[in-house]
Every structure is written in C-alpha cells, then in structure tokens.
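Here the sequence shown is numbered in the UniProt record's numbering, starting from 1 and rising by one per residue.
Take a look at the structure below.
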Amino acid sequence: MSSGQHVPTELIIIGGGPAGLMAAETARARGIEVDLFESKGSVGRKFLIAGKGGMNLTHSEPKPDFVKRYGKRSKEVGHWLDDFDADALRAWARGLGIETFIGTSGRVFPSDLKAAPLLRGWVHRLRESGVRFHVHHRWLGWDENGALRFETPDGERTYTAKAVVLALGGGSWPQLGSDGAWWPWLASRGVDVAPLQPSNCGFDIGWTDHLATRFAGAPLKPVAAYWRDESGHEHTRQGECVVTTTGIEGSLVYALSASLRDAIAERGHATLELDLAPDRTLARLQHDLAKPRGSRSFSEHLRRQTGLTGVKAALLHEVLDKSHFQDTDTLARTIKRLPLRLQRARPIAEAISTAGGVRLEAIGDSMMLTALPGVFCAGEMLDWEAPTGGYLLTACFASGQRAGLGAAAWLKRAG
1 MSSGQHVPTE LIIIGGGPAG LMAAETARAR GIEVDLFESK GSVGRKFLIA GKGGMNLTHS
61 EPKPDFVKRY GKRSKEVGHW LDDFDADALR AWARGLGIET FIGTSGRVFP SDLKAAPLLR
121 GWVHRLRESG VRFHVHHRWL GWDENGALRF ETPDGERTYT AKAVVLALGG GSWPQLGSDG
181 AWWPWLASRG VDVAPLQPSN CGFDIGWTDH LATRFAGAPL KPVAAYWRDE SGHEHTRQGE
241 CVVTTTGIEG SLVYALSASL RDAIAERGHA TLELDLAPDR TLARLQHDLA KPRGSRSFSE
301 HLRRQTGLTG VKAALLHEVL DKSHFQDTDT LARTIKRLPL RLQRARPIAE AISTAGGVRL
361 EAIGDSMMLT ALPGVFCAGE MLDWEAPTGG YLLTACFASG QRAGLGAAAW LKRAG
C-alpha cells in the first residue's frame, strides 16, 4: 500500500502495552470497531520483560495508602482507581483463568509468577472479540491532512479513524518500543507536555576506581535510607540496594527516586544517607568500636565489632579520611549515617519508568486531549509516576480502561 492511501476505521489504538490493550478491550466490549497498532512484532513486550523475575501485578495495601503512592498526582490517579483498582485487576485476571496471591511484601502475583500465560490469554480473548492487531506499524505522527502515518515493512501507510487512543508509553526501555518519539508531535499540536524524566532509576555518585572495580554489583542489605523531601522533612526507609560502577540503584533507591531526582534538579545534587548497621544502635557501635584492637587488623576489628565487611566497609573508606578511622565516635556516626552525594539520575533509557509526558491538565475526565478532540491518552505517556510494586501497572490498566470508555462514549455521541 503506497504512502498517502487512507484506510478508515472507527477507533485506532496506538500502543500494545497494558494501557492500550485495556483500552481496546473496554471499547470493543461496547461494540466499537477497534484496530490496535504496535511498532514491534508483538504486543506487551515490556510487560513480559517486567514479569521475568515474577509478575508483580498490583499491591494489596489499603486503598488510601495505595493512592498516596502516586505522590503529586494522587488525586487524579485516585479517580482512575475508583473505577478500576487493585481488587478489580485481580478479578480481571481471574476472568482470564489466572489466579493471584499476595506475597509477604504485600505485592500481588499470578499464582505461577509468570506474565506470558496471562498475556497470551488476553491477546487471544481480544482477537476472539474482534480486535484487529497490526504489528510492525510504527507511528510517525500525522500528515498534513490529519491522517495517521505509520512506518511498516511494506512502506509508509496512512490511516484515518473517528477516534484515537494513544498509549505509547514513556521513554524508558526504548528497545521495547517506548522511546518518547511522540513528544514533539503532540507538543507541536498544542498539547501541554512536560519533559520526560527518569523514574524508578539509579543515580551516579562517582566512586573511586577501587570501589567501582571491586564492588560493582555488590548488594547493600539490609540498610536504612534517610533523605529530606522538598519541604525539608526527613524520611527514613529500610530496604536493599546495589552498588554500581557509577553509583547506586535497586529497589530502595527506586522508591526514593522521584524525591532525589527533584532535589538534584533544584540544588544540583542530593544527599542520601545510609545506615549500614540498622540492627545496631549508635551507642552500641560507639561502645564496641572503643574496645581494644590489640594485634588485629583494623578490618578485622571492624568486622568483629560492627559486622561490616566487603562493600559496606569499602563505603566507609569512600567518605572518611584515614585519620577518622581512629575516632570511634566519628566512625560510629558515619556507619549510622553514611552520606552519599548523588550527582545525577541515570539516563531515561535505563530507568524502569518515566515521569513527565502529557500533563493531566491537558486531558478531561474521559482522558481526551482538550487540544485534539477525539484523541485520548492512557498509560505511562501521561505525567504521573509511582514506585515499583504493582502501582505502575495498576494505574496503566486503570487509565486504559478510562480511555477506552471515554473513546466509546465519544464515538456513540458522534454517531
């Protein structure tokens, strides 16, 4: 099919992640003809990769606490969750024959911990319902007549539709399809979009060569983190993280990444303090470190009196001069509050998710763009963020359902 040929349809959904698939399912259930376009050779690739270590679908914590996980966008995302929350997501999975269970951390997983069976069942059900899939169709924006342009193996094709749902993802993991290429196309059409930023990401610190070469990949567990929010209030959280060649990453750091990233943007750096011995009090450390060392090496004395070895001991050498190791009070206090100066977030392409994108003020309750009537948005391309733990996926599903409902209602009104 040559460039410029228009193929009309009722509703086009661009993006085959959870948000796009849920929008397709919701609209099709209301009798709308749906064509779904995906740039890769199959849908749900990021969904599958995210499920490799165990498919974390959602979280079981109480709804008020759940909603708070969306930070500055809690109010708006909370409205999406009023229609499709964690319990609704578990019921939806059950409808596909996938039972779920709550893990010890409160996270919710499929009983087999796998993403592939759920995705296969979902795509099969969508096809059976009449959703038409078009893979290897990379969206290129609009042409001068307002038609949707797609790059395909057979050359460029254009399509027109009465309504469109964009579910294009953010900018993380671009190799799986979410590359943020849509950002300038929407901005040029008057859509209010915020710059994409890394979320659930690691940070650069700038280790010495010794630490970077000997301890990259070493886990830090357990540790407790201390940081201050934009209001100056201190918070603490215990968990695990990992030293990298350039800095630090891992679940504990990801949970704090939005606050740390924003602090760097405001002040040029952020300070993260780690308690390397959360199971020992400062007073105990001071007492034990003051014990005579005798003929033992300092590293052996440190191990015996504090339990610190390997990467934790190496971190002390990153922030303390040799003279400070003779000062038991300073050493103990540093063990309890090891200061790390974070220089920058790691690049978007390495992040688990992104912040920024289409501002929620640019869409109505139905997820339709104010600047582009008949065009709806869903998923991670919208300007919200959340920590890992099932919160990202749940909001993607919920926004997809709302966009599908909005598009179906708009099409019914348009006749």
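For each residue, glycine too, the CB sits at the ideal point set by N, CA and C.
- prompt: Can you tell me whether DSSP reads Gln401 as helix, strand or coil?
  reply: helix
query: What's the C-alpha gap between Leu57 and Thr394?
result: Computed Cα separation, rounded: 7 Å.
query: What do you get for Asn200, buried or exposed, if any count of 16 or more other CB atoms within 10 angstroms of its CB means buried?
result: buried
task: Take the Cβ of Leu109 as the centre, count every other Cβ of all protein chains shown within 10 Å, and call the residue buried at 16 or more, exposed below.
output: Before going further, note that residue 109 is Phe rather than Leu in the sequence given. Buried, since its Cβ has 16 or more Cβ neighbours within 10 Å.
- prompt: Buried or exposed: Val375, going by 16 or more other Cβ atoms within 10 Å of its Cβ?
  reply: buried
query: On the three-state DSSP scale, how would you describe Gly20?
result: Of the three classes helix, strand and coil, the one that applies to Gly20 here is helix, per DSSP.
- prompt: Can you name the start and end residues of the beta strand (DSSP E) that Val242 belongs to?
  reply: Looking at the DSSP string, the run of the beta strand (DSSP E) that includes Val242 is 234 to 243.
message: Helix, strand or coil for Thr370? Go by DSSP, reduced to three states.
response: coil
message: Between which residues of its own chain and Asp229 is the CB-CB distance below 8 Å, once the five residues before and five after are set aside?
response: Answer for Asp229: His235, Ser259, listed in chain order.
message: Does the contact criterion of 3 or more C-beta pairs under 8 Å hold for the segment 264 to 282 versus the segment 339 to 353?
response: With three or more CB-CB distances shorter than 8 Å, the segment 264 to 282 counts as touching the segment 339 to 353.
query: To the nearest angstrom, how far is it from the Cα of Ser3 to the Cα of Leu148?
result: Caution is warranted here: a pLDDT of 46 is assigned to Ser3, below 50, making its placement in the model unreliable, and no coordinate value can be reported.
- request: Closer than 6 Å by C-beta to Leu220: which residues in its own chain qualify, once you throw out the five before and the five after it? Chain order, please.
  value: Within the same chain, Cys241 come within 6 Å of Leu220 by CB-CB distance, once the 5 residues on both sides are set aside.
task: Would you tell me roughly how many angstroms separate the C-alpha atoms of Arg107 and Trp410, rounded to the nearest one?
output: 36 Å
task: Give the straight-line distance between the Cα atoms of Met1 and Asp112, rounded to the nearest whole angstrom.
output: Low local confidence applies: a pLDDT of 33 at Met1 is under 50, so the model's placement there is unreliable, with the coordinate-based value given in what follows. Each residue's Cα considered, the two are about 43 Å apart.
- request: Could you have a look at Pro347 and say whether DSSP puts it in helix, strand or coil?
  value: coil
- prompt: Would Lys336 be called buried (16 or more neighbouring beta carbons within 10 Å of its own) or exposed?
  reply: buried
query: Count the other CB atoms within 10 Å of the CB of Leu87; is the residue buried (16 or more) or exposed (fewer)?
result: The question names Leu, yet the displayed sequence has Asp at residue 87. With fewer than 16 Cβ atoms within 10 Å of its Cβ, Asp87 is classed as exposed.
Test item: CB-CB of Gln197 and Gly356 under 8 Å: yes
- request: Whole angstroms is fine: what's the gap from Ala351's alpha carbon to Gly202's?
  value: 7 Å
- prompt: Alpha carbon to alpha carbon, what distance is there between Pro222 and Gly239?
  reply: 6 Å
field: Buried or exposed by the 16-neighbour rule on C-beta atoms within 10 Å, applied to Arg69
entry: buried
Residue environment, Ser399, which counts as buried when at least 16 other CB atoms sit within 10 Å: buried
Range covered by the alpha helix (DSSP H) that runs through Lys336: 328 to 336
message: Output needed for Asp279: all residues of its chain with C-beta closer than 8 Å, excluding positions within five of it in sequence on either side, in chain order.
response: Pro222
query: Does the beta-carbon distance from Gly364 to Ala27 come in below 8 Å?
result: no
- prompt: Expressed to the nearest angstrom, what Euclidean distance is found between the alpha-carbon atoms of Lys52 and Val253?
  reply: 21 Å
Straight-line Cα distance separating Ala362 from Ala93: 31 Å
field: For Gly390, the nearest candidate out of Leu11, Phe47, Ala24 (CA to CA)
entry: Phe47
- prompt: What's the C-alpha gap between Val43 and Ile98?
  reply: 19 Å
DSSP bridge partner residues for residue 417 (one or two, in chain order): The shown model of the chain, from 1 to 415, leaves out residue 417, and the question about it has no answer.
task: Less than 8 Å between the CB atoms is what I'm expecting for Gln401 and Asp83, so what's the real figure, rounded?
output: 7 Å
message: Is the separation between the beta-carbon of Phe215 and that of Val311 shorter than 8 Å?
response: yes
field: Length at least 4, wholly inside the segment 144 to 217: the alpha helix (DSSP H) runs in chain order
entry: 183 to 187, 209 to 215
query: What is the DSSP secondary structure of Gly415, counted as helix, strand or coil?
result: coil
query: Since Ala23 contacts Val165 with CB under 8 Å, what's their CB separation in whole angstroms?
result: 5 Å
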